[in-house]
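Enquirer: The structure's right below; bear with me while I get my questions together.
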Amino acid sequence: MFGLPLSTSLLVLGFPLFWILYTIGFLLLTRNWDNEGDER
Amino acid sequence: MNTTVLAFLVLYYVVVLGIGLWAMRRGATDDLEGYFLGGREVGPLVTALTLQSTSMSGYMFLGAGSLAYTTGYWSLWFAAGDIGGGVLNLSIIGRRMRKLSQIMGSLTSIEYLEARYPSPVTRLIAASLTVFLLAFYVLAQFIAGGKGMALVTGLEYEWALLIALAIITIYTLLGGYLAVAYTDLFQSLIMLVGVLWVLGAALVHVGGFTAANQTLAEIDPTILSIWGTGLGFEGQWGVVAGAVLVFSAGYMGWPHVVTRHMAMKRPATARLAGAYATAWNLLFVSAPYLVGILAILILPNLDDPELAIFEVAQTLLPSAVTGIVMAAIMAAIMSTADSLLLQTGSIASRDLYERFINPRASEQQMLWVSRALVLAIGVIGYLVALIEPPAVAFVVIFATSVLGSAFAPAFVCAVWWKKANTPGAIASMVTGAVTSVLWELAGLAATTTLAPVTVGLTASTVAIVVVSLATRRSSPVPTYVLAAMEETARVGPIPERLIAMSDFALEPEATEIESLLRGEEEQ
Amino acid sequence: MTHDRMAIAGGLTLAEAESVVASTSEGWTFRAHRKIYYPYFWFHLRYTTRTLLGNSSVRLSCLVDTRTGLTSTTDPFELERVDVNAGAVLGSRLAEDDALRIAHRYGAHAVLHKRKALVVPDVTVLERGLVHKPFWIVDGRKRRQSSFRVLVDGVTGAFHVLRH
Numbered sequence: 000m001f002g003l004p005l006s007t008s009l010l011v012l013g014f015p016l017f018w019i020l021y022t023i024g025f026l027l028l029t030r031n032w033d034n035e036g037d038e039r
Numbered sequence: 000m001n002t003t004v005l006a007f008l009v010l011y012y013v014v015v016l017g018i019g020l021w022a023m024r025r026g027a028t029d030d031l032e033g034y035f036l037g038g039r040e041v042g043p044l045v046t047a048l049t050l051q052s053t054s055m056s057g058y059m060f061l062g063a064g065s066l067a068y069t070t071g072y073w074s075l076w077f078a079a080g081d082i083g084g085g086v087l088n089l090s091i092i093g094r095r096m097r098k099l100s101q102i103m104g105s106l107t108s109i110e111y112l113e114a115r116y117p118s119p120v121t122r123l124i125a126a127s128l129t130v131f132l133l134a135f136y137v138l139a140q141f142i143a144g145g146k147g148m149a150l151v152t153g154l155e156y157e158w159a160l161l162i163a164l165a166i167i168t169i170y171t172l173l174g175g176y177l178a179v180a181y182t183d184l185f186q187s188l189i190m191l192v193g194v195l196w197v198l199g200a201a202l203v204h205v206g207g208f209t210a211a212n213q214t215l216a217e218i219d220p221t222i223l224s225i226w227g228t229g230l231g232f233e234g235q236w237g238v239v240a241g242a243v244l245v246f247s248a249g250y251m252g253w254p255h256v257v258t259r260h261m262a263m264k265r266p267a268t269a270r271l272a273g274a275y276a277t278a279w280n281l282l283f284v285s286a287p288y289l290v291g292i293l294a295i296l297i298l299p300n301l302d303d304p305e306l307a308i309f310e311v312a313q314t315l316l317p318s319a320v321t322g323i324v325m326a327a328i329m330a331a332i333m334s335t336a337d338s339l340l341l342q343t344g345s346i347a348s349r350d351l352y353e354r355f356i357n358p359r360a361s362e363q364q365m366l367w368v369s370r371a372l373v374l375a376i377g378v379i380g381y382l383v384a385l386i387e388p389p390a391v392a393f394v395v396i397f398a399t400s401v402l403g404s405a406f407a408p409a410f411v412c413a414v415w416w417k418k419a420n421t422p423g424a425i426a427s428m429v430t431g432a433v434t435s436v437l438w439e440l441a442g443l444a445a446t447t448t449l450a451p452v453t454v455g456l457t458a459s460t461v462a463i464v465v466v467s468l469a470t471r472r473s474s475p476v477p478t479y480v481l482a483a484m485e486e487t488a489r490v491g492p493i494p495e496r497l498i499a500m501s502d503f504a505l506e507p508e509a510t511e512i513e514s515l516l517r518g519e520e521e522q
Numbered sequence: 000m001t002h003d004r005m006a007i008a009g010g011l012t013l014a015e016a017e018s019v020v021a022s023t024s025e026g027w028t029f030r031a032h033r034k035i036y037y038p039y040f041w042f043h044l045r046y047t048t049r050t051l052l053g054n055s056s057v058r059l060s061c062l063v064d065t066r067t068g069l070t071s072t073t074d075p076f077e078l079e080r081v082d083v084n085a086g087a088v089l090g091s092r093l094a095e096d097d098a099l100r101i102a103h104r105y106g107a108h109a110v111l112h113k114r115k116a117l118v119v120p121d122v123t124v125l126e127r128g129l130v131h132k133p134f135w136i137v138d139g140r141k142r143r144q145s146s147f148r149v150l151v152d153g154v155t156g157a158f159h160v161l162r163h
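Chains as they are written, first to last, in numbering that gives the first Met the number 0: chain R, 0 to 39; chain H, 0 to 522; chain P, 0 to 163.
Okay, here's the thing in structure tokens:
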């Protein structure tokens with residue numbers, strides 16, 4: 000892809016993808032955080 | 000000297016100084032809590048962006064550009080870890096650290112470590128390590144600032160350095176963290192625009208991404224490989240792991256970054272801030288590396304690879320845009336430098352001066368100690384940056400490796416592992432710092448193909464686990480720390496009026512009944 | 000297994016305990032689910048001090064927390080006999096004699112403050128006994144996810160948040 004070797008494509012695109020999934024997972028798992036301290 | 004570029008730079012500094020003054024008017028410097036943490040009122044957007052721009056720093060523009068220019072796509076291993084650094088940090092320690100630090104009444108990251116791992120030794124070691132390494136780290140920012148300023152203004156390096164340094168110091172002294180937090184927000188946005196603009200211009204110039212890669216392959220196909228130009232790092236997974244770890248896990252050891260967790264408006268801010276951080280990093284983190292790689296095509300014969308991004312900007316962009324981009328680069332440098340200065344000042348005044356030198360210091364006296372130290376680092380930093388400036392990338396990677404190795408396990412275990420005790424944390428900090436420093440100084444990375452941060456982090460993690468377990472009988476974690484950790488682990492609010500109306504005469508009964516209930520649950 | 004215990008009478012009902020806490024926190028629902036009996040030694044003492052104008056005496060009723068030894072004065076109360084489950088009553092950690100000594104010292108200190116005189120009063124024990132005070136454990140809840148726990152004094156209605 001983009002004239003890059005496969006391993007390099009994985010490095011350039013794979014890590015961002017991994018972190019996107021990580022962030023989505025984090026948001027899903029922490030849905031109950033939002034009502035914390037909401038009395039302020 | 001280019002007047003258009005200069006005009007934009009001046010405009011930029013006027014705005015930044017204006018934000019500092021505005022923050023001061025809002026009362027950011029009324030007391031110490033305000034000076035250091037902006038009164039814990041920083042929301043998710045500001046938290047995320049300041050976390051990022053603080054850590055991105057001059058490294059991204061000088062260090063990253065130079066790494067990419069010299070090693071090709073291998074440099075993206077650093078970006079791979081960096082993209083997740085923010086969300087990793089916020090998801091693992093963000094919410095809990097904000098909550099635990101408030102329960103324990105800690106203002107600085109060092110105070111927090113001492114509260115969690117009670118012992119004056121904790122503070123002495125943590126504070127000394129931090130002051131020393133941050134002062135070293137801020138040096139990289141001074142050098143970067145000076146180099147950038149000199150290139151654009153055409154001024155002599157020493158004058159450019161002096162101007163950049165004076166501005167950084169003055170606005171740090173004016174507003175404290177709130178000024179820093181808001182100026183960082185402004186700087187982050189400018190940076191994003193700047194770096195994307197350079198990347199866009201570079202891509203257009205070389206005829207697109209795919210075409211550029213094809214041309215690079217014709218020059219040297221190893222530039223495109225994940226093992227570095229000339230395959231210099233082939234099969235060295237220990238070095239690769241270090242590159243990924245430095246700005247992801249190592250990042251958790253930065254006191255000036257983790258302090259920002261403590262300044263969040265409420266614990267749940269960590270959640271949204273994590274999402275913003277990832278979004279920002281996806282846009283921003285890889286861009287400087289890509290510009291550095293494209294610079295191989297655009298400017299094949301650079302004398303100083305550290306100036307790759309500056310030179311690309313100057314070559315391809317119109318002057319007004321160069322002014323904005325330069326402002327962006329100076330923004331990165333300054334936002335890192337001021338965070339570092341503020342941190343160092345706060346650690347020196349609270350954690351060393353008040354604690355070990357003058358226990359009865361008034362808030363006013365401590366504020367003056369902070370200010371004096373900020374000024375002193377400015378002056379000493381100026382002299383070192385003038386006489387013998389080291390490479391920006393080296394300083395940043397080295398300081399981050401040592402800080403991360405020393406503190407990341409202690410910060411993580413502070414909120415996640417109830418068995419982590421004082422001897423464990425002290426052993427971890429000392430082991431991590433000593434191992435990573437020795438590894439670097441002895442040049443063991445090249446012979447063992449293991450990066451200092453890989454070794455340092457492993458050593459400090461093993462140390463905290465082994466020593467905590469070995470000393471769990473002689474140094475048990477105090478029950479009030481355990482209680483605070485339990486409270487921290489719970490997600491849930493308690494209405495403030497209820498707390499305000501509580502009858503504290505019932506405290507003894509409450510404690511007794513709590514232990515009864517806890518005992519029942521454990522059975 | 001149940002125990003026969005002397006408890007301070009006239010306490011809050013379950014619903015009253017809930018409403019005490021609910022009044023402070025809008026939007027939360029509270030459920031009292033458990034009553035715990037906490038042990039105190041109760042002493043009704045008479046302190047007599049000799050003065051130039053003859054003897055003067057003061058009566059004092061106080062509760063010594065049998066688990067922590069902390070002492071406080073108390074209003075007069077009625078006692079009632081209750082049957083409590085073994086799990087609902089805390090055991091005492093203090094011997095009665097030790098508790099009496101603590102109560103003496105506490106009372107003497109209180110009397111001296113009242114009399115503003117450095118004298119040692121004579122003490123007579125009028126009544127004594129192991130008594131239990133009921134406490135309600137109330138859970139606060141909002142939108143399912145979040146919860147916390149409050150301890151409500153079953154006699155006075157004072158409350159304290161439980162960390163656990």
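In this text, a Cβ means the ideal position worked out from N, Cα and C, and glycines have one as well.
So, are the CB atoms of Gly145/H and Tyr136/H less than 7 Å apart?
Expert: As a first step, residue 145/H is located in the second sequence; it is residue number 146 there, counting from the start. As a first step, residue 136/H is located in the second sequence; it is residue number 137 there, counting from the start. No. Outside cutoff.
Enquirer: Could you spell out the range, first to last residue, of the beta strand (DSSP E) harbouring Phe406/H?
Expert: As a position in the second sequence, residue 406/H is number 407, starting the count at 1. Not the beta strand (DSSP E): Phe406/H falls in the alpha helix (DSSP H), residues 391 to 415.
Enquirer: I need the straight-line Cα distance from Trp27/P to Ser146/P, nearest angstrom please.
Expert: Taking the first residue of the third sequence as position 1, residue 27/P is located at position 28. Taking the first residue of the third sequence as position 1, residue 146/P is located at position 147. Distance between the alpha carbons of Trp27/P and Ser146/P is about 9 Å.
Enquirer: For Pro287/H, decide whether its Cβ has a neighbour in chain P, counting only Cβ atoms nearer than 7 Å.
Expert: The residue labelled residue 287/H in the question sits at position 288 within the second sequence. No, its Cβ sits nowhere closer than 7 Å to a Cβ of chain P.
Enquirer: Identify which residue in Ala405/H, Leu315/H, Arg370/H, Glu486/H has its Cα closest to the Cα of Thr171/H.
Expert: Residue 171/H sits at position 172 when you count from the first residue of the second sequence. Checked all of Ala405/H, Leu315/H, Arg370/H, Glu486/H; the closest Cα to Thr171/H is Arg370/H.
Enquirer: Would Ile101/P count as contacting chain H if we go by Cβ distances under 7 Å?
Expert: As a position in the third sequence, residue 101/P is number 102, starting the count at 1. Output row for Ile101/P: interface = no.
Enquirer: Less than 7 Å between CB atoms is the rule here; does Tyr105/P satisfy it with respect to chain H?
Expert: Walking along the third sequence from the start, residue 105/P turns up at place 106. So, not an interface residue.
Enquirer: What does the Cβ neighbour count give for Ser361/H, buried or exposed, with the cut at 16 atoms within 10 Å?
Expert: Against the second sequence, residue 361/H aligns to sequence position 362. Burial call: exposed.
Enquirer: Between Asp81/H, Arg115/H, Trp21/H, Ser105/H, which lies nearest to Lys418/H when the distance is taken from Cα to Cα?
Expert: Here residue 418/H refers to the residue found at position 419 of the second sequence. Taking only the C-alpha atoms, the option nearest Lys418/H is Arg115/H.
Enquirer: What's the C-alpha gap between Arg100/P and Gly106/P?
Expert: For the purposes of this step, residue 100/P is taken as the residue at position 101 of the third sequence. For the purposes of this step, residue 106/P is taken as the residue at position 107 of the third sequence. Distance between the alpha carbons of Arg100/P and Gly106/P is about 10 Å.
Enquirer: Taking the alpha-carbon positions, what's the Phe17/R to Gly80/H distance?
Expert: In the first sequence, the residue the question calls residue 17/R occupies position 18. In the second sequence, the residue the question calls residue 80/H occupies position 81. Distance between the alpha carbons of Phe17/R and Gly80/H is about 11 Å.
Enquirer: Decide if Ile35/P is buried, meaning its Cβ has at least 16 other Cβ atoms within 10 Å, or exposed.
Expert: Within the third sequence, numbered from 1, the residue matching residue 35/P stands at position 36. Classification of Ile35/P: buried, given that the 10 Å Cβ count is 16 or more.
Enquirer: I need the boundaries of the beta strand (DSSP E) containing Glu387/H, first residue and last residue.
Expert: The residue you call residue 387/H lines up with position 388 of the second sequence. No beta strand (DSSP E) contains Glu387/H, which DSSP labels as neither H nor E.
Enquirer: According to DSSP, simplified to helix, strand and coil, what is Asn84/P?
Expert: Here the question's residue 84/P lines up with position 85 in the third sequence. In the structure shown, Asn84/P sits in a strand (DSSP, three-state: E or B).
Enquirer: Starting from the beta carbon of Val194/H, find every residue of chain R whose beta carbon is closer than 8 Å, and list them in chain order.
Expert: Taking the first residue of the second sequence as position 1, residue 194/H is located at position 195. Within chain R, no residue comes near Val194/H; the closest Cβ sits about 16 Å away, beyond 8 Å.
Enquirer: Could you check whether Val414/H and Arg95/H sit closer than 7 Å to each other, using their CB atoms as the reference points?
Expert: By one-based count along the second sequence, residue 95/H stands at place 96. By one-based count along the second sequence, residue 414/H stands at place 415. Contact flag set, yes.
Enquirer: Classify Val137/H as helix, strand or coil using the three-state DSSP reduction.
Expert: Sequence index remark: in the second sequence, residue 137/H carries index 138 (1-based). Three-state result, Val137/H: helix.
Enquirer: Taking the beta strand (DSSP E) that Asp74/P falls in, what are its first and last residues?
Expert: Your numbering for residue 74/P matches position 75 in the third sequence. Note, Asp74/P: premise wrong, no beta strand (DSSP E); not H, not E.
Enquirer: Alpha carbon to alpha carbon, what distance is there between Met148/H and Gly71/H?
Expert: Against the second sequence, residue 71/H aligns to sequence position 72. Against the second sequence, residue 148/H aligns to sequence position 149. About 26 Å.
Enquirer: Which residues in chain R have a C-beta closer than 8 Å to the C-beta of Asn212/H? List them in chain order.
Expert: Numbered from 1 along the second sequence, position 213 holds the residue referred to as residue 212/H. Within 8 Å Cβ-Cβ: Phe1, Gly2, Leu3.
Enquirer: Determine whether the Cβ of Gly37/H lies closer than 7 Å to any Cβ atom of chain R.
Expert: Taking the second sequence and counting its residues from 1, one reaches residue 37/H at position 38. The predicted model places Gly37/H with a pLDDT of 48, which falls under 50 and marks its position as unreliable, so this point remains unresolved.
Enquirer: Taking only beta carbons into account, state which residues of the stretch 29 to 50 of chain P come closer than 8 Å to chain H, listed in chain order.
Expert: Here the close residues are Ile35, Tyr37.
Enquirer: Give me the Cα-Cα distance between Trp41/P and Glu519/H, rounded to the nearest whole angstrom.
Expert: For the purposes of this step, residue 41/P is taken as the residue at position 42 of the third sequence. For the purposes of this step, residue 519/H is taken as the residue at position 520 of the second sequence. Roughly 28 Å separates the two Cα atoms.
Enquirer: Using 10 angstroms around the beta-carbon of Phe355/H, count the other beta-carbons present and answer buried if the total reaches 16, otherwise exposed.
Expert: On the second sequence, position 356 is the one that residue 355/H refers to. Exposed.
Enquirer: In the DSSP assignment, find the alpha helix (DSSP H) that holds Arg270/H and state where it starts and stops.
Expert: Taking the first residue of the second sequence as position 1, residue 270/H is located at position 271. Looking at the DSSP string, the run of the alpha helix (DSSP H) that includes Arg270/H is 268 to 283.
Enquirer: Please list, in chain order, the chain H residues whose beta carbon lies closer than 8 Å to that of Leu20/R.
Expert: Along the first sequence, one-based indexing puts residue 20/R at 21. Going along chain H, no residue has its Cβ under 8 Å from Leu20/R, so there is no contact; the nearest lies around 10 Å.
Enquirer: Return the CA-CA distance between Thr434/H and Leu10/R, expressed in angstroms with no decimal places.
Expert: One-based indexing of the second sequence puts residue 434/H at position 435. One-based indexing of the first sequence puts residue 10/R at position 11. Approximately 29 Å, taken between the alpha carbons.
Enquirer: Hey, does Pro317/H have any beta-carbon neighbour from chain P nearer than 7 Å?
Expert: If you number the second sequence from 1, residue 317/H lands on position 318. Judged by the 7 Å Cβ criterion, Pro317/H is not in contact with chain P.
Enquirer: Measure from the C-beta of Ile225/H to each C-beta in chain R and report whether the shortest distance is under 7 Å.
Expert: Start at 1 with the first residue of the second sequence, and residue 225/H comes out as number 226. Yes, Ile225/H lies at the interface with chain R (some Cβ there is under 7 Å from its Cβ).
Enquirer: Could you confirm whether any beta carbon from chain P is found closer than 7 Å to the beta carbon of Ile102/H?
Expert: Walking along the second sequence from the start, residue 102/H turns up at place 103. It does not; no Cβ of chain P falls within 7 Å.
Enquirer: Can you look up Tyr116/H in the DSSP assignment and give me helix, strand or coil?
Expert: By one-based count along the second sequence, residue 116/H stands at place 117. Looking at Tyr116/H - three-state DSSP - the assignment turns out to be coil, as it is neither helix nor strand.
Enquirer: Just tell me which of His131/P, Arg104/P, Lys141/P has its CA closest to the CA of Arg45/P.
Expert: To locate residue 45/P, count along the third sequence from 1; it is residue 46. Closest option to Arg45/P, Cα to Cα, is Arg104/P.
Enquirer: Is the stretch 220 to 228 of chain H in contact with the stretch 305 to 318 of chain H, if contact means three or more CB pairs nearer than 8 Å?
Expert: Too few Cβ pairs lie closer than 8 Å, so no.
Enquirer: Distance, Cα to Cα, Leu468/H vs Gly423/H?
Expert: Start at 1 with the first residue of the second sequence, and residue 468/H comes out as number 469. Start at 1 with the first residue of the second sequence, and residue 423/H comes out as number 424. Spanning the two alpha carbons is a distance of roughly 8 Å.
Enquirer: List, in order along the chain, the chain R residues whose C-beta lies closer than 7 Å to that of Ile82/H?
Expert: Working through the second sequence from its first residue, we reach residue 82/H at position 83. Within 7 Å Cβ-Cβ: Phe14, Pro15, Trp18.
Enquirer: Just mark Gln235/H as buried or exposed, buried being the case when its beta carbon has 16 or more other beta carbons within 10 Å.
Expert: Within the second sequence, residue 235/H is the residue found at index 236, counting from 1. Label assigned to Gln235/H: buried.
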